[in-house]
């Protein structure tokens, strides 16, 4: 349950500040993505437009065999419905290690949302990392740092990120490098998304 709450917290951090209600008369304006990226976030040079299948079935982004090649035997996977989008959660055989990944469709500001939170001191960890398959990425957290844990967000478009969050315990071959695992999973997902 604690791992689910950490995942939900990570997704809510990404979506924080994405929308507010304002009284008044609606006017037509350019889509918010026209003003993205912002807050110093890098632009996504080669956006992936076709994400509908993975939005509906997040486990389809990466075959279980690829997850097992990266992090060990998988006992089961399931789709988790979070307020900001569906995630796939894989439970490794040497439980309680888990890996969650998915598109954060409720965050319409992409990586810019994280850069904005960083600028206001809203994150305890914020580390831009090398691009993954040509897509900008950030490791971030808001107090959920710990051994075997990493939260990685990769910009698929200026208005959409794919997050990968491993929570690893002893026995998992990637325990010492959860961010390395997250990077490998994100790379596999991006390669598969580019094929669709």
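Numbering (the numbering used here), first residue to last: 1028 to 1223. Glycine included, C-beta positions come from ideal geometry on N, C-alpha and C. Owing to the predicted nature of the structure, the values given are computational and were not obtained by experimental measurement.
| Query | Result |
| --- | --- |
| Where the alpha helix (DSSP H) containing residue 1097 begins and where it ends | 1091 to 1098 |
| Cut-off 6 Å between Cβ atoms - residues of its own chain near residue 1168, not counting five sequence neighbours on either side | 1151, 1152 and 1178 |
| Cα-Cα separation between residue 1213 and residue 1074, rounded to whole angstroms | 15 Å |
| Extent of the continuous alpha helix (DSSP H) to which residue 1206 belongs | 1205 to 1222 |
| Close-in-space but distant-in-sequence residues of the same chain around residue 1216 (CB under 7 Å, 5 per side omitted) | 1088, 1089, 1128 and 1189 |
| Check whether residue 1159 and residue 1206 have beta carbons under 8 Å apart | no |
| Beta carbon of residue 1185 nearer than 8 Å to that of residue 1070 | yes |
| Residue span of the alpha helix (DSSP H) that contains residue 1102, given as start and end | No alpha helix (DSSP H) holds residue 1102; the beta strand (DSSP E) holding it covers 1101 to 1109. |
| For residue 1138 and residue 1145, the rounded distance between their alpha carbons | 11 Å |
| Sequence-distant residues of its chain with Cβ nearer than 7 Å to residue 1105 (five each side left out) | 1116 |
| beta-carbon residue 1080 near the ligand ADP non-hydrogen atom, thresh 7 Å | Absence of the ligand ADP is noted for the structure shown, with no ligands found whatsoever. |
| Where residue 1164 falls: helix, strand or coil (DSSP) | strand |
| Spatially closest choice to residue 1221 from 1064, 1080, 1065 and 1063, by CA coordinates | 1080 |
| Neighbourhood of residue 1204 by C-beta, 8 Å cutoff - its chain only, sequence neighbours within 5 removed | none |
| Beta-ladder partner(s) of residue 1182, from DSSP | 1188 |
| Three-state secondary structure assigned by DSSP to residue 1154 | strand |
| Cutoff 7 Å; reference residue 1086; Cβ partners in own chain excluding five residues on either side | 1104, 1106 and 1115 |
| Check whether residue 1196 and residue 1123 have beta carbons under 8 Å apart | yes |
| Start-to-end residues for the alpha helix (DSSP H) that takes in residue 1141 | 1138 to 1146 |
| Beta strand (DSSP E) segment containing residue 1128, residue limits | 1125 to 1130 |
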